[in-house]
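Here it is in structure tokens:
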């Protein structure tokens with residue numbers, strides 16, 4: 001019977017950095033052609049290197065198809081470790097070259113659009129006050145897109161929501177806050193003179209709605225809110241994840257914007273928008289910090305996460 005330890009040692013002795021860097025590039029680009037362009041190699045060379053790695057591992061790591069390259073379950077598991085190895089080697093190389101001290105520290109953050117417009121600007125301002133030379137690279141997108149980028153090592157952490165168990169494998173979640181939906185309109189909107197009852201929710205349907213796109217948590221909660229009152233969202237609503245577009249539609253028309261509460265908090269506090277007195281209990285959704293469980297966060301990333309946690313505790 002083969003000794004597992006001996007088998008593991010044999011794999012370590014034969015695997016090369018080019019195998020890992022090629023695999024990580026494929027996982028991040030989700031396409032062999034783009035991975036080849038990124039690595040300045042031909043596509044056949046990338047395919048051959050991936051084949052060598054899968055032969056050494058004794059398992060398929062990537063499924064190739066017309067839609068691109070998709071990691072298998074084994075590939076997802078291997079990616080977490082491969083990213084750590086490649087990043088550690090790159091950091092070691094940079095240290096030997098003497099570039100660590102001279103380079104600008106950078107934290108790579110992923111955030112949902114609704115979070116990026118609320119909590120993150122305050123956190124960035126505070127971080128730059130404490131660390132003037134620190135850089136922040138922010139990426140917004142859907143929760144699924146951001147978690148995939150996080151697992152591929154493209155982000156240090158994500159400010160987002162819990163996902164299904166399969167997507168959360170290898171990730172940790174630290175709660176920041178739970179927020180309900182809010183229905184907001186421009187000052188002087190006709191609905192502001194109506195009482196905050198179920199009848200007012202019916203009256204909302206007389207006006208254009210601005211809602212999140214299908215498949216998102218805010219959209220799901222908006223649909224559930226109306227369903228609890230025997231109502232349905234109208235087919236003519238504007239569906240978007242753009243906070244800036246949603247805000248302008250609410251400010252410049254009679255549209256009703258249904259959004260997570262913190263997204264509109266600044267506008268509400270300054271009187272640029274007003275919240276309808278309509279209960280939204282049951283629409284609360286946890287938002288938190290997601291990171292790779294096995295990865296060591298940089299000092300800058302830890303400082304930024306601590307800042308976000310402090311701000312989240314502020315009422």
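Numbering (UniProt numbering), first residue to last: 1 to 315.
Glycine residues also receive a C-beta, built at the ideal position from the N, C-alpha and C atoms.
Looking at the strands, I want to know which residues DSSP matches up with residue i.
i           : result
residue 106 : 135
residue 286 : 178
residue 173 : 290
residue 185 : 274
residue 160 : 288
Using a Cβ-Cβ cut-off of 8 Å (strictly less than) and excluding sequence neighbours within five positions of residue i, which residues of its own chain qualify?
i           : result
residue 152 : 24, 27, 28, 79, 83
residue 201 : 225, 226, 229, 231, 278
residue 137 : 106, 107, 108, 109
residue 254 : 185, 186, 189, 190, 207, 208
residue 237 : 208, 209, 210, 211
residue 311 : 119, 122, 123, 126
residue 89  : 17
residue 39  : 21, 22, 25, 46
residue 193 : none
residue 274 : 184, 185, 186, 187, 189, 192, 268
residue 30  : 68, 69, 70
residue 142 : 112, 215, 216, 241
Beta-carbon separation of residue i and residue j under 9 Å?
i           : j           : result
residue 231 : residue 205 : yes
residue 181 : residue 260 : yes
residue 19  : residue 53  : yes
residue 110 : residue 149 : yes
residue 300 : residue 131 : yes
residue 32  : residue 47  : yes
residue 207 : residue 286 : no
residue 283 : residue 221 : yes
residue 161 : residue 85  : no
residue 147 : residue 158 : yes
residue 144 : residue 168 : no
residue 56  : residue 15  : yes
residue 293 : residue 171 : yes
residue 213 : residue 239 : yes
Could you check what DSSP says for residue i in three-state terms: helix, strand or coil?
i           : result
residue 180 : coil
residue 145 : helix
residue 314 : coil
residue 126 : helix
residue 155 : coil
residue 140 : strand
residue 111 : strand
residue 209 : strand
residue 41  : coil
residue 279 : coil
residue 16  : coil
residue 117 : coil
residue 295 : coil
residue 30  : coil
Quick one: what's got a C-beta closer than 6 Å to residue i's C-beta in the same chain, skipping five residues either side?
i           : result
residue 75  : 61, 62
residue 251 : 186
residue 256 : 183, 185, 204, 207, 209
residue 249 : 210, 255
residue 197 : For residue 197, the predicted model reports a pLDDT of 46, less than 50, meaning its position is unreliable; a value from the coordinates is still stated below. None.
residue 173 : 162, 288, 290
residue 156 : 107, 108, 301
In chain order, what residues of the same chain have a beta carbon less than 7 Å from the beta carbon of residue i, not counting five sequence neighbours either side?
i           : result
residue 307 : 123, 126, 127
residue 43  : 32, 33, 36
residue 243 : 113, 114, 117, 263
residue 223 : 233
residue 272 : 251
At a Cβ threshold of 9 Å, is residue i touching chain D?
i           : result
residue 279 : The chain labelled as chain D is not found in the depicted structure, where only one protein chain is given.
Could you name each continuous beta strand (DSSP E) segment of 3 residues or more that falls completely within the segment 47–98, going from the start of the chain to the end? If we require 3 residues or more, the beta strand (DSSP E) runs fully inside the segment 47–98 come out as 62–65, 68–71.
What are the complete alpha helix (DSSP H) segments, minimum 4 residues, inside the segment 215–274? Inside the segment 215–274, DSSP marks whole alpha helix (DSSP H) runs of 4 or more residues at positions 217–227, 243–252, 265–270, from first to last along the chain.
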